[in-house]
Amino acid sequence: MENIEIAKIFHEIADLLEIKNENPFRVRSYRNAGHVIAELPENLKSIVENDEPILDEISGIGKSIHEKIVEIVKTGKCKFHDELLKELPPTILELLQVSGIGPKKVQLLYKELGIQSVSDLEKAAKAHKIHTLAGMGEKTEENILKAIENLKQSKGRFKLGIAMTYAVPLIEYLKNIDGVIHVSEAGSLRRRKETIGDIDILVACKKGSRVMDRFIAYPEVREVLAKGDTKSTVILRCGLQADVRVLDKKSYGAALQYFTGSKAHNIAIRERAKKMGLKVSEYGVFDEKTDKWIAGETEEDVYRAVGLPWIPPEIRENAGEIESALNDKLPHLIDVKDLKGDLHVHTTETDGASTLDEMVESAIKQGYEYIAITDHSKAVSIAHGLDEKRVLRQIEEIDKLNKRFTVYGSRFTVLKGIEVDIKADGSLDLDKDVLAKLDVVVAAVHSRFNMTEGEMTARIVKAISSGIVHIIAHPTGRLINERMPYAVNMTEVLRATKMHNVIMELNSYPDRLDLNDIHCKLAKEMGVMIAISTDSHSRFHLENIRFGIYTARRGWLEKKDVLNTMPLNKALKILKRK
DNA sequence: GCCGTTTTCGGCCCGACTGTTTTCAGTCG
Numbered sequence: 042m043e044n045i046e047i048a049k050i051f052h053e054i055a056d057l058l059e060i061k062n063e064n065p066f067r068v069r070s071y072r073n074a075g076h077v078i079a080e081l082p083e084n085l086k087s088i089v090e091n092d093e094p095i096l097d098e099i100s101g102i103g104k105s106i107h108e109k110i111v112e113i114v115k116t117g118k119c120k121f122h123d124e125l126l127k128e129l130p131p132t133i134l135e136l137l138q139v140s141g142i143g144p145k146k147v148q149l150l151y152k153e154l155g156i157q158s159v160s161d162l163e164k165a166a167k168a169h170k171i172h173t174l175a176g177m178g179e180k181t182e183e184n185i186l187k188a189i190e191n192l193k194q195s196k197g198r199f200k201l202g203i204a205m206t207y208a209v210p211l212i213e214y215l216k217n218i219d220g221v222i223h224v225s226e227a228g229s230l231r232r233r234k235e236t237i238g239d240i241d242i243l244v245a246c247k248k249g250s251r252v253m254d255r256f257i258a259y260p261e262v263r264e265v266l267a268k269g270d271t272k273s274t275v276i277l278r279c280g281l282q283a284d285v286r287v288l289d290k291k292s293y294g295a296a297l298q299y300f301t302g303s304k305a306h307n308i309a310i311r312e313r314a315k316k317m318g319l320k321v322s323e324y325g326v327f328d329e330k331t332d333k334w335i336a337g338e339t340e341e342d343v344y345r346a347v348g349l350p351w352i353p354p355e356i357r358e359n360a361g362e363i364e365s366a367l368n369d370k371l372p373h374l375i376d377v378k379d380l381k382g383d384l385h386v387h388t389t390e391t392d393g394a395s396t397l398d399e400m401v402e403s404a405i406k407q408g409y410e411y412i413a414i415t416d417h418s419k420a421v422s423i424a425h426g427l428d429e430k431r432v433l434r435q436i437e438e439i440d441k442l443n444k445r446f447t448v449y450g451s452r453f454t455v456l457k458g459i460e461v462d463i464k465a466d467g468s469l470d471l472d473k474d475v476l477a478k479l480d481v482v483v484a485a486v487h488s489r490f491n492m493t494e495g496e497m498t499a500r501i502v503k504a505i506s507s508g509i510v511h512i513i514a515h516p517t518g519r520l521i522n523e524r525m526p527y528a529v530n531m532t533e534v535l536r537a538t539k540m541h542n543v544i545m546e547l548n549s550y551p552d553r554l555d556l557n558d559i560h561c562k563l564a565k566e567m568g569v570m571i572a573i574s575t576d577s578h579s580r581f582h583l584e585n586i587r588f589g590i591y592t593a594r595r596g597w598l599e600k601k602d603v604l605n606t607m608p609l610n611k612a613l614k615i616l617k618r619k
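Quick note on our numbering: the first sequence kicks off at 42 and runs consecutively.
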């Protein structure tokens, strides 16, 4: 049972209670608990099983929810949740995903028309049964059908990498409109979450600028959902929704703070402001009594007004950042400029699309001091993985290449490496004698993903304790929106890496981002070092490093937590500590 | 249901927009 599954139960309880028209603050408590649990770096199952006292210290988890967490961990179920589901069919929750439908309408639709699912709703709307209900009209019916259509097409959230390829040119387009002063992304895009629901963009402009007219005329716009003076919403051809808000220069910072979120972070900020006799909205910080405007032009001003330093967007999740800010303990988050090399790339020798020379050339262009060539081992036959003989040949080739660099006085170094397979029994796919000749041994699971948690954990821990592995690559094997992570006890794996001085990879490939942000935070807390690598299969993939950096920042990582921020000598020293 | 530098009881974040309405509930971010 992972935290995310426990969180889901509390979110469902919140939704169900809301549909039942329960006390909204009770609803909020469950929703908040779900959020807190999803953001928690420590594994709840381990906490409960080891009877650790952490649970009592977490804000937002009181007696009742504490008991339910214990119940869920011990029995896999929650009685209260089950009872709610007896009263309301489970499919009813999917109705909330239809834009414009909230708990009140779900309740009405269920009670009056017996609607239990999105397909029920679609049928009823097409049969014109909806507008007969109180508070619903023709327009509502139309909008429901439109919203269902959009829901079908967007199929949930977009990966950050994809969202960015659409957002960046749109932002550029907006910047070039007459009268525009500032343009910035906001929302989860600015917080660099691994998936994005929609693109939020803020614009500050001079009076009379025709930003909105130009926005909806953007060639990629498929449909205009709403157009006003301050807020417009469109659907792009790729299916992504984009919102643009236009603001005064004076409230730009407040709006940026507000629309960047997260919601939980903003609530915490506003609660804090309230205690100080202030009110925070997207228009600024105000004195609650006199309504006098105090700040809002920049984000720094807003945070300063509530007695805080500026907090980087990536960690605005109400997961301890406000407390850290208050104690002057905000992390100095890692930056892409801090990196000195890449420790996981492939070449045409296995399944890469670029040659060794091309990879090296691109790494030099990227400003790196070193790169580790880590092709697959023979078990990955589909990638034409290397056997011992071919590894030895590649070592020779790299030695020659490095000599050439020395001759030309370059300080660049190519490290000899491998991405060796961790076989089902936890043994490694190549002879130890050969592996010992390499600078960097990266180990990874590429097969038998369906093992039990116990088996998979033992498999990876065995590789960690082999004494020859430096880095564990993409430690959970997940592909965002495509493949769930395999079952593995991350706390136990991290404990083993700490004990054996093994490094965990943060794989920057935008489909992977593995470790994820929360695991990065846990690794940091446990004192485990991270390597941020691209797993490049082409020279163009080296640029993906920025996605790794985004995730690292979301995981509170600093320069000192990351192996490949170190100059070669220091990095090698750490690798040789084995 | 949670929480406490006013409080262990009585609060709990803020504003815009939409569609339905004659003053507002519901939804959204």
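Glycine included, each C-beta is placed from N, C-alpha and C at the ideal position.
Please confirm if the segment 447 to 465 is in contact with the segment 477 to 489, defined as three or more CB-CB distances below 8 Å between the two stretches.
yes
Using the Cβ count rule (16 or more neighbours within 10 Å means buried), how would you classify Gln298?
buried
Based on DSSP bridge pairs, tell me the residues matched to Val262.
Leu277
Measuring straight from C-alpha to C-alpha, what distance separates Arg69 and Ile102?
12 Å
Any beta strand (DSSP E) of 3 or more consecutive residues that is wholly inside the segment 275 to 361
282 to 288, 319 to 322, 325 to 328 and 334 to 336
Buried versus exposed call for Ile222 [16 or more other C-beta atoms within 10 Å across all chains shown]:
exposed
Tell whether a beta-carbon distance below 8 Å holds between Leu547 and Gly589.
yes
Ile423 to Asp270 span [Cα, whole Å]:
56 Å
Uninterrupted beta strand (DSSP E) stretches inside the segment 522 to 579 (no shorter than 3 residues):
544 to 548 and 571 to 574
Is Lys200 helix, strand or coil by DSSP?
strand
Ignore the nearest five residues each way along the sequence and tell me which others in Ser250's own chain have a CB closer than 7 Å to its CB.
Ile218, Asp219, Gly220 and Val221
Have a look at the DSSP bridge pairing and note the partners of Leu243.
Ser225 and Arg286
With a threshold of 7 Å (Cβ to nearest heavy atom), would Gly117 be considered close to the ligand FMN?
With respect to the ligand FMN, the structure shown offers nothing to examine, as it has no ligands at all.
Going by beta carbon distance, what residues of the same chain come within less than 6 Å of Gly294, once the five residues before and after it are set aside?
Gly337, Glu338, Thr339, Glu340, Asp342 and Val343
Which residue's Cα is closest to the Cα of Lys170: Glu153, His541, Ser158 and Gln157?
Glu153
Count the other CB atoms within 10 Å of the CB of Leu380; is the residue buried (16 or more) or exposed (fewer)?
buried
Please state if the CB of Leu162 and the CB of Asp56 are separated by a distance shorter than 8 Å.
no
Residues in the same chain with beta-carbon distance under 8 Å from Arg587, minus the five sequence neighbours each way, listed in chain order, please.
Val377 and Ser549
How many Å lie between Met607 and His541 at the Cα?
20 Å
Let me know the secondary structure DSSP gives Ile95 once reduced to three states.
helix
DSSP three-state call for Ala514: helix, strand or coil?
coil
Identify every residue that forms a DSSP beta bridge with Leu520.
Arg524
Beta-carbon contacts of Glu533 that lie in its chain and below 6 Å, excluding the five residues immediately before and after
Thr498
Which residue's Cα is closest to the Cα of Lys430: Leu150, Asp472, Val77 and Val502?
Asp472
Glu261 to Gly228, Cα distance in whole Å?
21 Å
Rounded to whole angstroms, what is the Cα-Cα separation between Glu179 and Cys246?
37 Å
Distance, Cα to Cα, His172 vs Gln148?
15 Å
His582 (DSSP reduced to helix, strand or coil):
helix
Only counting the same chain, and skipping five residues up and downstream in sequence, which positions put a Cβ closer than 8 Å to that of Ala420?
Gly426, Asp462, Lys464, Asp470, His487 and Ser488
Distance CB(Ala572)-CB(Asn605) smaller than 8 Å
yes
Tell me which residues share the same chain as Thr391 and place their Cβ nearer than 7 Å to its Cβ, disregarding the 5 neighbours each side in the sequence.
Asp416, His417, Ala424, His425, Gly426 and Leu427
Work out the CA separation of Asp383 and Val603 for me, nearest whole Å.
11 Å
Hey, out of Glu98, His578 and Ile414, whose CA is closest to Gly393's CA?
His578
Find the nearest neighbour of Met317 within the set Val347, Leu397 and Val448, judged by alpha-carbon distance.
Val347
Okay, do the segment 304 to 313 and the segment 351 to 365 touch, 3+ Cβ pairs below 8 Å being the bar?
yes
Span of the beta strand (DSSP E) holding Gly382?
Gly382 to Val386
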